[in-house]
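Participant: Protein chains in written order, with my numbering: chain A, 20 to 373; chain B, 394 to 595.
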Amino acid sequence: MTILKMVGLNGPNIHGDVKVVQSLLNKAITTYPKFKQVQVKIEVDGDCGDLTVASIEKFQRKVMKFNSPDKRVEPGRDTWKKLNNNIHMKAQIKNLSIAQKTSVDKFVSWLDGGLSSGLIGVVDAFIDDMNSLLKTFSQSSLDPTGKNAVSGEITSLRQGDKQWGKTKLGNSKKGTIHGYGCALVSLTMAATYMGSKTKHWPVNMTPQKLTPIVTNDIFKKAGLFASSSLALHLVGGAKALGMEGKDSGIGAKMKSSAIAKINNGLKNGLILAHVDYKKDWKGDHWILLTDKNSDGSYSGIDPAYGKTLKLFTSPDDAGEKHEYILLYGRSASMEPKTPDNVKTYKVVRFITLK
Amino acid sequence: MQNKFENFKSWYVFSFFILLSSISCSSEEPAPLFEALFKNLENGVGSEDECVSFQDYSIRMLYEDIDYSFEVFAGKMCSPKQELVKSRLPAEALLAGEWRGFIVIDNGTGSASRRVSLFDPSKMKNHFEFDYVDNPIFNTGSIDFFSSKGKIPNKTECPGQYDQYDEWKRLQFGIEIAVKNRYSLEKNETILLGQTKCIFIE
Numbered sequence: 020m021t022i023l024k025m026v027g028l029n030g031p032n033i034h035g036d037v038k039v040v041q042s043l044l045n046k047a048i049t050t051y052p053k054f055k056q057v058q059v060k061i062e063v064d065g066d067c068g069d070l071t072v073a074s075i076e077k078f079q080r081k082v083m084k085f086n087s088p089d090k091r092v093e094p095g096r097d098t099w100k101k102l103n104n105n106i107h108m109k110a111q112i113k114n115l116s117i118a119q120k121t122s123v124d125k126f127v128s129w130l131d132g133g134l135s136s137g138l139i140g141v142v143d144a145f146i147d148d149m150n151s152l153l154k155t156f157s158q159s160s161l162d163p164t165g166k167n168a169v170s171g172e173i174t175s176l177r178q179g180d181k182q183w184g185k186t187k188l189g190n191s192k193k194g195t196i197h198g199y200g201c202a203l204v205s206l207t208m209a210a211t212y213m214g215s216k217t218k219h220w221p222v223n224m225t226p227q228k229l230t231p232i233v234t235n236d237i238f239k240k241a242g243l244f245a246s247s248s249l250a251l252h253l254v255g256g257a258k259a260l261g262m263e264g265k266d267s268g269i270g271a272k273m274k275s276s277a278i279a280k281i282n283n284g285l286k287n288g289l290i291l292a293h294v295d296y297k298k299d300w301k302g303d304h305w306i307l308l309t310d311k312n313s314d315g316s317y318s319g320i321d322p323a324y325g326k327t328l329k330l331f332t333s334p335d336d337a338g339e340k341h342e343y344i345l346l347y348g349r350s351a352s353m354e355p356k357t358p359d360n361v362k363t364y365k366v367v368r369f370i371t372l373k
Numbered sequence: 394m395q396n397k398f399e400n401f402k403s404w405y406v407f408s409f410f411i412l413l414s415s416i417s418c419s420s421e422e423p424a425p426l427f428e429a430l431f432k433n434l435e436n437g438v439g440s441e442d443e444c445v446s447f448q449d450y451s452i453r454m455l456y457e458d459i460d461y462s463f464e465v466f467a468g469k470m471c472s473p474k475q476e477l478v479k480s481r482l483p484a485e486a487l488l489a490g491e492w493r494g495f496i497v498i499d500n501g502t503g504s505a506s507r508r509v510s511l512f513d514p515s516k517m518k519n520h521f522e523f524d525y526v527d528n529p530i531f532n533t534g535s536i537d538f539f540s541s542k543g544k545i546p547n548k549t550e551c552p553g554q555y556d557q558y559d560e561w562k563r564l565q566f567g568i569e570i571a572v573k574n575r576y577s578l579e580k581n582e583t584i585l586l587g588q589t590k591c592i593f594i595e
């Protein structure tokens, strides 16, 4: 996540920035017990009122241990870093690129004479964004998989997003992307990173611009949904998005020995994992695994949340071994690591994407 | 030539007025319908503030960070003064509609292993839950739904579904046999009806 300008007391308090900070303050309640003792969730409305300023102050006092909180969150400064510290790098890159595009667009717009605000502010925002981008470039070399995370970004998408959640999935008359589109949304996320144009794509569409609605149309054109149904041919879906998909086979309890194949797949691509997070081993959900990290954990994005999760092979990082592949997921919002905050994904099948 | 031009002009003026009238009418569009997820569930009326109003209740589900805030109000339009319940639902929850005074919540993210909850606003708790495959059918006093038997059929075990069977095979889906159940609201019990059908696994 990123903010363009300072948020808080006497700050410019740009609506979008304020929403980001309000959202992170709410997340911090679950992360920092001492903050939780003094703070309740605030409304994420983009309005920096007394409650938001007070919340920043409490965060600085309780979490940052400031004796004299300045009640401000500034891009790149300590309070911002602390609030934003659990967000996965690739997600940051994508959000950053959006912010950068905004200021670049504003700059171009100003050059075209279409922007009324002053030049200095626009240039400042542009320089801030470029600085942040350069910083991210230098961080990207730490990416444990060696993927070039700057040239290829994974866009995190949520099934229930208002932009596409109500869109009917495939040839279904009732089922929507929100209710049933986990596989399609996961494939879309993968394609924003490593997809390429095929004959079914709309003119001028690029992988980075793909949304679940566009993917849904591409799949329909390619005839990948069953008749009158939302059932999707997944390997065909990968192909229609310009990727190669290799299927491990119809769902079964995935033995731990198969983890080597997943690790291998993550070296050069992504893994679309069929998981079960309920009571059995049938497979009720699809998530996208993006990285094997140097600490042995995995990074992945769950389309139900549209968030990057850190996935562990044991619930408490103890390195516990299982006969089958179990991944324990936590997003930054699911801290601390109590059993209630851990979502267990039982892997029953996977498709290697490259 | 002049005549043709006059005709063209008339059509142009006529089209312009049609366009104007359509614009002026657009502000009077009825409130958007909340389309129920399953057949025979009550549809609702949606509003811009994410409120869905049914006959006796209104519901607001707002996604916040990792799950939904779930609010139920007496009457329509989600009036804060008439709030009955404020709770949380997981990210995979979806408002499906209203049935016999229950709020129907569908849970799931893909086509397999879905679960329906009948939430009773008067008791502020779930009245009944069931796991299903394929779409459940809400009758006047009962709900018919299929549950997986876990058995993989051959084609002859899918009578009346041969075309589907072939298509599912072509699309490389898994196929299983499911069996029909009926939940009776009056008796508050579920019985196995025994009828089977074949279902796909994506």
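Don't be surprised by glycine CBs; every beta carbon is placed ideally from N, CA and C.
Using beta carbons (cut-off 7 angstroms, strictly below), is residue 374 of chain A in contact with chain B?
Facilitator: The question about residue 374 of chain A has no answer, for chain A in this structure spans 20 to 373.
Participant: Taking the alpha-carbon positions, what's the residue 553 of chain B to residue 273 of chain A distance?
Facilitator: Translated into the one-based positions of the second sequence, residue 553 of chain B becomes position 160. Translated into the one-based positions of the first sequence, residue 273 of chain A becomes position 254. Rounded to the nearest angstrom, the two C-alpha atoms are 34 angstroms apart.
Participant: Under three-state DSSP, which class holds residue 591 of chain B?
Facilitator: Residue 591 of chain B sits at position 198 when you count from the first residue of the second sequence. Strand, per DSSP.
Participant: Going by beta carbon distance, what residues of the same chain come within less than 7 angstroms of residue 570 of chain B, once the five residues before and after it are set aside?
Facilitator: For the purposes of this step, residue 570 of chain B is identified with residue 177 of the second sequence, where counting begins at 1. Around residue 570 of chain B: 542, 544, 546, 550, 589 and 591.
Participant: Is the beta carbon of residue 488 of chain B closer than 7 angstroms to that of residue 517 of chain B?
Facilitator: Looking up residue 517 of chain B in the second sequence gives position 124. Looking up residue 488 of chain B in the second sequence gives position 95. No.
Participant: Between residue 209 of chain A and chain B, is any beta-carbon pair separated by less than 7 angstroms?
Facilitator: As a first step, residue 209 of chain A must be located in the first sequence, where it is residue number 190. No, residue 209 of chain A does not count as interfacial toward chain B.
Participant: Compare the C-beta of residue 450 of chain B with all C-beta atoms of chain A and state if any pair is closer than 7 angstroms.
Facilitator: Reading the second sequence from its first residue, position 57 is the one you call residue 450 of chain B. Not an interface residue.
Participant: Is it buried or exposed, residue 315 of chain A, if we count other Cβ atoms within 10 angstroms and call 16 or more buried?
Facilitator: Walking along the first sequence from the start, residue 315 of chain A turns up at place 296. Residue 315 of chain A is exposed by the Cβ-count criterion.
Participant: Does the beta carbon of residue 252 of chain A come closer than 7 angstroms to any beta carbon on chain B?
Facilitator: As a position in the first sequence, residue 252 of chain A is number 233, starting the count at 1. With 7 angstroms as the cut-off, residue 252 of chain A counts as an interface residue toward chain B.
Participant: Can you tell me whether DSSP reads residue 26 of chain A as helix, strand or coil?
Facilitator: Here residue 26 of chain A is taken as the residue at index 7 of the first sequence, counted from 1. Strand, per DSSP.
Participant: Let me check understanding here. Comparing Cα to Cα, which of A/361, A/172 and A/287 lies closest to residue 297 of chain A?
Facilitator: For the purposes of this step, residue 297 of chain A is identified with residue 278 of the first sequence, where counting begins at 1. The candidate whose alpha carbon is nearest that of residue 297 of chain A is A/361.
Participant: Run down chain A in chain order and give the residues with a C-beta less than 9 angstroms from the C-beta of residue 539 of chain B.
Facilitator: The sequence position of residue 539 of chain B within the second sequence is 146, counting from 1. Chain A residues near residue 539 of chain B: none, gap ~14 angstroms exceeds 9 angstroms.
Participant: Chain B beta carbons: is any one of them nearer than 7 angstroms to that of residue 126 of chain A?
Facilitator: Taking the first sequence and counting its residues from 1, the one referred to as residue 126 of chain A is at position 107. In this prediction, residue 126 of chain A scores a pLDDT of 34, lower than 50, which makes its location untrustworthy; the coordinate-derived value is nonetheless stated afterwards. No, residue 126 of chain A does not count as interfacial toward chain B.
Participant: How many Å lie between residue 26 of chain A and residue 560 of chain B at the Cα?
Facilitator: For the purposes of this step, residue 26 of chain A is taken as the residue at position 7 of the first sequence. For the purposes of this step, residue 560 of chain B is taken as the residue at position 167 of the second sequence. Taking the straight line from one Cα to the other gives about 56 angstroms.
Participant: Could you work out which residues of chain B lie near residue 199 of chain A, taking near to mean beta carbons separated by less than 8 angstroms?
Facilitator: As a position in the first sequence, residue 199 of chain A is number 180, starting the count at 1. Going along chain B in sequence order, the residues near residue 199 of chain A (Cβ under 8 angstroms) are 501, 502, 503 and 504.
Participant: By the 10 Å Cβ neighbour count, where 16 or more other Cβ atoms means buried, how is residue 22 of chain A classified, buried or exposed?
Facilitator: Counting from one through the first sequence, the residue named residue 22 of chain A turns up at place 3. Residue 22 of chain A is buried by the Cβ-count criterion.
Participant: Under 6 angstroms Cβ to Cβ from residue 204 of chain A, same chain only, skipping five residues before and after it: list those, please.
Facilitator: On the first sequence, residue 204 of chain A is found 185 positions in, with the first residue counted as 1. The answer, listed in chain order, is 176, 178, 231 and 322.
Participant: Taking 7 angstroms as the limit between beta carbons, can you name the residues of its chain near residue 538 of chain B, skipping five residues before and five after?
Facilitator: Locating residue 538 of chain B in the second sequence gives position 145, counting from the first residue. Result list for residue 538 of chain B: 523, 525, 529 and 574, in chain order.
Participant: Mind pulling the alpha helix (DSSP H) runs of 4 or more residues that sit fully within the segment 421 to 497 of chain B?
Facilitator: Correct list: empty.
Participant: Quick check on this structure: which residue in A/198, A/370, A/217 and A/292 has the alpha carbon closest to the alpha carbon of residue 345 of chain A?
Facilitator: Working through the first sequence from its first residue, we reach residue 345 of chain A at position 326. It is A/292 whose Cα lies nearest to the Cα of residue 345 of chain A.
Participant: Considering just the uninterrupted stretch of the beta strand (DSSP E) at residue 521 of chain B, what are its terminal residues?
Facilitator: Counted from its first residue, the second sequence places residue 521 of chain B at position 128. Note, residue 521 of chain B: beta strand (DSSP E), 518 to 531.
Participant: Give the range of the beta strand (DSSP E) segment to which residue 318 of chain A is assigned.
Facilitator: Indexing the first sequence from 1 puts residue 318 of chain A at position 299. Run containing residue 318 of chain A: 317 to 321, per the beta strand (DSSP E) assignment.
Participant: Taking residue 305 of chain A as part of the beta strand (DSSP E), name the residues at either end of that continuous run.
Facilitator: Taking the first sequence and counting its residues from 1, one reaches residue 305 of chain A at position 286. Unbroken beta strand (DSSP E) run through residue 305 of chain A: 304 to 311.
Participant: Determine whether the Cβ of residue 476 of chain B lies closer than 7 angstroms to any Cβ atom of chain A.
Facilitator: As a first step, residue 476 of chain B is located in the second sequence; it is residue number 83 there, counting from the start. No, because no Cβ of chain A sits closer than 7 angstroms to the Cβ of residue 476 of chain B.
Participant: Alpha carbons only, please: which of A/343, A/303, A/44 and A/265 is nearest the one belonging to residue 372 of chain A?
Facilitator: Sequence index remark: in the first sequence, residue 372 of chain A carries index 353 (1-based). Looking at the Cα atoms, A/265 is the closest of the given residues.
Participant: Determine whether the Cβ of residue 179 of chain A lies closer than 7 angstroms to any Cβ atom of chain B.
Facilitator: In the first sequence, counting from the first residue as 1, residue 179 of chain A sits at position 160. It does: the Cβ of residue 179 of chain A has a partner Cβ on chain B nearer than 7 angstroms.
Participant: Taking all protein chains shown into account, do 16 or more other C-beta atoms lie within 10 angstroms of the C-beta of residue 77 of chain A, making it buried, or fewer, making it exposed?
Facilitator: On the first sequence, position 58 is the one that residue 77 of chain A refers to. Per the 10 Å Cβ criterion, buried.
Participant: Does residue 232 of chain A have its Cβ less than 7 angstroms from a Cβ in chain B?
Facilitator: Taking the first residue of the first sequence as position 1, residue 232 of chain A is located at position 213. It does not: the Cβ of residue 232 of chain A has no partner Cβ on chain B nearer than 7 angstroms.
Participant: So what does DSSP say about residue 250 of chain A, is it helix, strand or coil?
Facilitator: Mapped onto the first sequence, residue 250 of chain A falls at position 231. In the structure shown, residue 250 of chain A sits in coil (DSSP, three-state: anything other than H, G, I, E or B).
Participant: Mind listing the chain B neighbours of residue 344 of chain A? Cutoff is C-beta to C-beta under 8 angstroms, in chain order.
Facilitator: If you number the first sequence from 1, residue 344 of chain A lands on position 325. Near residue 344 of chain A there are no residues of chain B at all, since even the closest Cβ is about 18 angstroms away, more than 8 angstroms.
Participant: Using a beta-carbon distance cut-off of less than 7 angstroms, what residues from the segment 274 to 285 of chain A approach chain B?
Facilitator: So nothing in the stretch comes that close.
Participant: Are there 16 or more other CB atoms within 10 angstroms of the CB of residue 86 of chain A, so buried, or fewer, so exposed?
Facilitator: Position 67 of the first sequence, counted from the first residue, corresponds to residue 86 of chain A. By the neighbour-count rule (16 or more Cβ atoms within 10 Å), residue 86 of chain A is not buried but exposed.
Participant: From what residue to what residue does the beta strand (DSSP E) around residue 326 of chain A run?
Facilitator: Sequence index remark: in the first sequence, residue 326 of chain A carries index 307 (1-based). Segment 326 to 331, the beta strand (DSSP E) holding residue 326 of chain A.
Participant: Leaving out five residues before and five after residue 267 of chain A in sequence, what residues of the same chain have Cβ atoms less than 6 angstroms from its Cβ?
Facilitator: Position 248 of the first sequence, counted from the first residue, corresponds to residue 267 of chain A. Cβ neighbours of residue 267 of chain A beyond the five flanking positions: 368 and 369.
Participant: I want to verify the contact list: residues of chain B whose CB lies under 8 angstroms from the CB of residue 45 of chain A, in sequence order.
Facilitator: Against the first sequence, residue 45 of chain A aligns to sequence position 26. The answer, in chain order, is 457 and 458.
Participant: To the nearest angstrom, how far is the alpha carbon of residue 97 of chain A from that of residue 471 of chain B?
Facilitator: Locating residue 97 of chain A in the first sequence gives position 78, where the first residue counts as 1. Locating residue 471 of chain B in the second sequence gives position 78, where the first residue counts as 1. One C-alpha to the other measures close to 41 angstroms.
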